[in-house]
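K.L.:
Once you've had a glance at the structure underneath, I'll fire off some questions.
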Amino acid sequence: MTSHGPDYDPDKESTKSPSSPREQLPTSAFAHHDPEKALSSPRADITVLTWDSPTDPENPYNWSNTRKWVVTAAALTGTLLGPLNGTSIAIAAQALTNEFSISDTATFSNSYWPIASWSVGGSLFIIVFLPLMEDIGVRAGYLIFYALFILMIIPQALAPNFAALVITRFISGGCVALLANTIASVIPDVWATDEARSVPVGLYIMLYLVGSTLGPPMFAGVMQHIGNWRWIFYIQLIIYGCFFPFFWFLLRETRGDVILRRRAQKLRKQTGKPVYTKAELDSPPLVPRLLRSMSRPAYLLFTEPVLFASTCWSAFSFGTVFLFTQSIEAVFSGLYGWEEYSVGYVQGAVVIGELIGWLITLYSSHLYLKSASRNTEMPGKPIPEARLYVSTAASFIGIVGGMFVYAWTSYPYFPWIAPAIGLAMVGCGIQVVVSAVADYITDAYAASDYAGSAIGAVAAGENTVAGLLPLAAASMYTNLGKYSHHLSSSDWLLTIIPGFQWASTLLAFIALVLSFAPVLFIFKGRTFRERSPFMLSGGQITRGQKAAQEAQTER
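Structure, rendered in structure tokens:
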């Protein structure tokens, strides 16, 4: 998912501008359109352009609430639509195997490659292309990659062979990941405080997860009534095409750096004077930015224990959404003899759980804001680990408990609603966990310039696991069953220990182990942050930490 910290804009990393209330200069320091009144930089021949005043109407933070919500609603609509393309093809697995003569063996599901390539494309595109969005801007960047995404739907619908389908899915998955990250930056661009952002951020993560889950139930009717998998993409082409004018008219530029840069460019053209923004002067060239974008997240991931554990926790949770596209079919077709399209509707149980989980995240945000009153580390500021209180319970009860329910109600003598309830519990837990990790990592790294790289590592991990974890589903749900059948010749024991149960139980135990990570962070989080050269410590980065950052970055 790119499931992807909307509280922080990774494109602004190390190029912060005074567009944030936390970074606004005193009123006397604000430069006006008249370059003679602009801030003088250390170089006498250059003037630095900032906002006209603290109430500059073009500053997105100063927009009316109505305008903010219109832009936010447009962005959130895109958040829901894009991921539908990711999992919708799962309901056509049998049709793909028949048409392209591919085979799903007992140990490997080759028909899953179109979904796996979609997720892996998302991981790579975020790392390689996200720095480009800093120069393009939110609106232009979104419209460009949205148009490319629509174009990639056409070869998916017309794919002459399986390889063409997999390759075009790789590109479309990359586009959706970039679109999601672009949308994520809209929220902190227009909403200034944690309290104001809490609802939009929760909606963003919920809609991305729902979009990733909703594909099979939404398009199951295509296979049921039309029977041609290509119509899944024809219908998507119509939907996405119809929404292009919607985004064109409603999505505005929200990035303060870009708005100021355009002002500066206009002034340079009109006056011929060297008027620049702080971001223009501070931003390194594109190639170093690309190298940093590719290397820094990986470095942080494997040197920061909190980031590594949080990424594993969130990535496994997010990957479970994609795993269900394989396991639900195996369980419900095997137990109840349901058709492939009917199994697609079962994913709706996960969607219901995710919607319930969003309501729980609102309470989690309340606890987070309330924690400011007892923060001895930074009085008046919320405690980062307060983000994990509710998510820890949601992980143990929702994901672990739900997976056990899903596992041990997978018998033909239980009604189908029983394992579906387990799926809803897991969906609820996933929503709370993924949201909490994005918020916690953003808060923990907020005092440094590394929050964007940390969130990038989480997003890359989520997309990678989402692409690769389901590839093991066929082996798990088949081989564990074969192993069970050798345990005893007793019919009674064979009834108690079939493969479906142990495959899902294995997933539950993995989730159980990962669920202890936030428990450790809640009790020892401050210690971890104080020892890390990249994380928040006492409200600011010390000189020693800053030196350590620079030394380790240069390695």
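When the count follows the UniProt record's numbering, it moves up by one through the sequence shown with no breaks and lands on 555 for the last residue. For glycine and all other residues, C-beta sits at the position ideal for the given N, C-alpha and C.
Identify the residues that DSSP records as bridge partners of L49: which are they?
P.N.:
As a working note, residue 49 is residue 49 in the sequence shown. Its beta-bridge partners are T277.
K.L.:
So, does the stretch 397-404 touch the stretch 366-375, judging by three or more C-beta pairs under 8 Å?
P.N.:
In short, these stretches do not touch, since the Cβ pair count stays below three.
K.L.:
Where does T66 land, buried or exposed, given buried means 16+ other C-beta within 10 angstroms?
P.N.:
Taking the sequence shown and counting its residues from 1, one reaches residue 66 at position 66. When all chains shown are included, T66 counts as exposed.
K.L.:
Under the three-state reduction of DSSP, which class applies to S364: helix, strand or coil?
P.N.:
Here the question's residue 364 lines up with position 364 in the sequence shown. Of the three classes helix, strand and coil, the one that applies to S364 here is helix, per DSSP.
K.L.:
Going by C-alpha distance, which of S185, W231, S532 is nearest residue 569?
P.N.:
What is shown of the chain runs 1 to 555, which leaves residue 569 out entirely.
K.L.:
Suppose the cutoff is 8 Å on Cβ atoms and the five residues either side in sequence are ignored; what does the same chain contact list for P200 look like?
P.N.:
Taking the sequence shown and counting its residues from 1, the one referred to as residue 200 is at position 200. Within the same chain, P200 has close Cβ partners P6, T72, L76, I187, W191.
K.L.:
Can you name, in chain order, every residue of its own chain whose Cβ lies under 6 Å from the Cβ of G211, other than the five neighbours on each side?
P.N.:
Along the sequence shown, read from residue 1 onward, the residue named residue 211 stands at position 211. Within the same chain, G211 has close Cβ partners L80, P83, L84.
K.L.:
What are the residues that DSSP puts in a beta bridge with S109?
P.N.:
Working through the sequence shown from its first residue, we reach residue 109 at position 109. S109 is bridged to D104.
K.L.:
Restricting to Cα atoms, I'd like to know which of V433, I126, A386, G467 is closest to M206.
P.N.:
To locate residue 206, count along the sequence shown from 1; it is residue 206. Out of V433, I126, A386, G467, V433 has the C-alpha closest to the C-alpha of M206.
K.L.:
If you drop the 5 nearest sequence neighbours on each side, which residues of the same chain put their C-beta closer than 8 Å to that of R289?
P.N.:
By one-based count along the sequence shown, residue 289 stands at place 289. Excluding positions up to five away in sequence, the list reads P131, E134, S283.
K.L.:
Just the C-alpha distance for Q24 and P54, rounded to the nearest angstrom, thanks.
P.N.:
Counted from its first residue, the sequence shown places residue 24 at position 24. Counted from its first residue, the sequence shown places residue 54 at position 54. For Q24, the predicted model reports a pLDDT of 32, less than 50, meaning its position is unreliable; a value from the coordinates is still stated below. Rounded to whole angstroms, Q24 to P54 spans 8 Å at the Cα level.
K.L.:
Which first and last residues belong to the alpha helix (DSSP H) in which K381 is found?
P.N.:
One-based indexing of the sequence shown puts residue 381 at position 381. Per DSSP, K381 belongs to no alpha helix (DSSP H) and is neither H nor E.
K.L.:
When you compare only the Cα positions, how much space is there between L260 and I46?
P.N.:
In the sequence shown, the residue the question calls residue 260 occupies position 260. In the sequence shown, the residue the question calls residue 46 occupies position 46. The straight-line gap from Cα to Cα measures roughly 15 Å.
K.L.:
Helix, strand or coil: which one does DSSP assign to L307?
P.N.:
Translated into the one-based positions of the sequence shown, residue 307 becomes position 307. The answer is helix: DSSP assigns L307 an H, G or I state.
K.L.:
For a quick check, are the C-beta atoms of L165 and P114 less than 8 Å apart?
P.N.:
Here residue 165 is taken as the residue at index 165 of the sequence shown, counted from 1. Here residue 114 is taken as the residue at index 114 of the sequence shown, counted from 1. In contact: L165 and P114 (Cβ atoms closer than 8 Å).
K.L.:
Measure the CB-CB distance between S123 and N375 and report whether it falls below 8 Å.
P.N.:
Your numbering for residue 123 matches position 123 in the sequence shown. Your numbering for residue 375 matches position 375 in the sequence shown. Result no, Cβ atoms of S123 and N375 do not sit closer than 8 Å.
K.L.:
Within 10 angstroms of the Cβ of N98, are there 16 or more other Cβ atoms? Answer buried if so, exposed if not.
P.N.:
Counting from 1 along the sequence shown, the entry for residue 98 is found at position 98. Flag for N98 reads exposed.
K.L.:
Of all the options R387, I356, F523, which has the alpha carbon lying nearest to the alpha carbon of L367?
P.N.:
Locating residue 367 in the sequence shown gives position 367, counting from the first residue. The residue with the shortest Cα to Cα distance from L367 is R387.
K.L.:
On the DSSP letters alone, give me the boundaries of the alpha helix (DSSP H) that P217 sits inside.
P.N.:
Working through the sequence shown from its first residue, we reach residue 217 at position 217. Start and end: 194-221.
K.L.:
How is the alpha helix (DSSP H) around V71 delimited, first residue to last?
P.N.:
As a first step, residue 71 is located in the sequence shown; it is residue number 71 there, counting from the start. Taken as a continuous stretch (DSSP letters only), the alpha helix (DSSP H) holding V71 covers 65-81.
K.L.:
Can you tell me which of E530, P518, V48 puts its alpha carbon nearest to the alpha carbon of F308?
P.N.:
In the sequence shown, residue 308 corresponds to position 308, counting from 1. Among E530, P518, V48, the Cα nearest to that of F308 is on P518.
K.L.:
Measuring CB atoms only, is the stretch 310-325 touching the stretch 139-153, in the sense that at least three cross pairs come out at less than 8 Å?
P.N.:
No, because fewer than three Cβ pairs between the stretch 310-325 and the stretch 139-153 fall closer than 8 Å, the two stretches do not touch.
K.L.:
Where does W338 sit, in a helix, a strand or coil, going by DSSP?
P.N.:
Position 338 of the sequence shown, counting from 1, holds the residue named residue 338. If DSSP states are grouped into helix, strand and coil, W338 belongs with coil.
K.L.:
Which whole-angstrom value describes the C-beta separation of A95 and W229, a residue pair presumed to lie in contact below a C-beta threshold of 8 Å?
P.N.:
Start at 1 with the first residue of the sequence shown, and residue 95 comes out as number 95. Start at 1 with the first residue of the sequence shown, and residue 229 comes out as number 229. The pair is a contact, with the Cβ atoms about 4 Å apart (cut-off 8 Å).
K.L.:
Grab the span of the alpha helix (DSSP H) containing F534 for me, first residue to last.
P.N.:
Numbered from 1 along the sequence shown, position 534 holds the residue referred to as residue 534. Note, F534: premise wrong, no alpha helix (DSSP H); not H, not E.
K.L.:
Exposed or buried, which one is T193 when buried takes at least 16 other CB atoms within 10 Å?
P.N.:
Taking the first residue of the sequence shown as position 1, residue 193 is located at position 193. Classification for T193: exposed.
K.L.:
Using 10 angstroms around the beta-carbon of S391, count the other beta-carbons present and answer buried if the total reaches 16, otherwise exposed.
P.N.:
The count along the sequence shown starts at 1 and reaches residue 391 at position 391. Looking at its Cβ environment, which holds 16 or more other Cβ atoms inside 10 Å, S391 is buried.
K.L.:
When the Cα atoms are used, what is the spatial distance from T361 to G525?
P.N.:
Position 361 of the sequence shown, counting from 1, holds the residue named residue 361. Position 525 of the sequence shown, counting from 1, holds the residue named residue 525. Going from the Cα of T361 to the Cα of G525 covers about 21 Å.
K.L.:
Would you mind reading off the limits of the alpha helix (DSSP H) that contains D257?
P.N.:
Taking the sequence shown and counting its residues from 1, the one referred to as residue 257 is at position 257. D257 -> alpha helix (DSSP H) spans 256-271.
K.L.:
From which residue to which residue does the alpha helix (DSSP H) around N181 run?
P.N.:
One-based indexing of the sequence shown puts residue 181 at position 181. Its alpha helix (DSSP H) spans residues 162-190.
K.L.:
L507: which of A454, P297, G422, F244 sits nearest, CA to CA?
P.N.:
Taking the first residue of the sequence shown as 1, we reach residue 507 at position 507. When each option's Cα is compared against that of L507, the closest is G422.
K.L.:
Figure out for me which residue from T213, L301, G429 has the closest Cα to the Cα of A394.
P.N.:
Taking the first residue of the sequence shown as 1, we reach residue 394 at position 394. Ranking the options by Cα distance to A394, first place goes to G429.
K.L.:
Out of I383, K278, W248, N110, which one is the CA nearest neighbour of I441?
P.N.:
Translated into positions along the sequence shown, residue 441 becomes position 441. The residue with the shortest Cα to Cα distance from I441 is I383.
K.L.:
What do you reckon, are the CB atoms on F324 and V351 nearer than 8 Å?
P.N.:
Along the sequence shown, read from residue 1 onward, the residue named residue 324 stands at position 324. Along the sequence shown, read from residue 1 onward, the residue named residue 351 stands at position 351. In this structure, V351 does not lie closer than 8 Å to F324 by Cβ.
K.L.:
Starting from L423 and walking both ways along the alpha helix (DSSP H), at which residues does that stretch end?
P.N.:
Locating residue 423 in the sequence shown gives position 423, where the first residue counts as 1. Note, L423: alpha helix (DSSP H), 417-444.
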